[in-house]
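Peer 1: Take a look at this one; I'll ask things after.
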Amino acid sequence: MTEASKRVPLSTPAASAAAQLGCYSKQVGPCVRACGGLTARYGTNARPVCPACRYEEAAAGAAQQRR
Ligand SMILES: [Zn+2]
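Residue 54 in our numbering sits at position 3 of the sequence shown, and the numbers go up by one each step.
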């Protein structure tokens, strides 16, 4: 598991989650995939899908391309 694939639990305090996600605490919200992780959900640089889900999708996409 790389740093980028780590899920930030919903129980993480917003300030701590923001530090891990590289955003402001007011931008923190649950991932739209309902994976149980937090993401930079709101604001101008919003990423509705959390880093862990995006990493998994990228890995799945790469696996499909290898066939
Ligand atoms: Zn997610």
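C-beta: ideal position from N, C-alpha, C; glycine also.
Please go through the stretch 52-96 and give each complete alpha helix (DSSP H) segment of 4 or more residues, from N-terminal end onward.
Peer 2: Inside the stretch 52-96, DSSP marks whole alpha helix (DSSP H) runs of 4 or more residues at positions 65-72, from first to last along the chain.
Peer 1: Rounding to the nearest angstrom, what Cα-Cα distance links residue 115 and residue 84 in this structure?
Peer 2: 21 Å
Peer 1: What does a CB cutoff of less than 7 Å around residue 52 pick up in its chain, not counting 5 residues either side in sequence?
Peer 2: The predicted position of residue 52 is uncertain, since its pLDDT is 46 and thus under 50; a value taken from the coordinates is nonetheless stated next. Taken in chain order, the list of residues that qualify is empty.
Peer 1: Compare the Cα-Cα distances from residue 80 to each of 71, 86, 90 and report the closest residue.
Peer 2: 90
Peer 1: Is residue 98 helix, strand or coil by DSSP?
Peer 2: Residue state, collapsed to three classes: coil.
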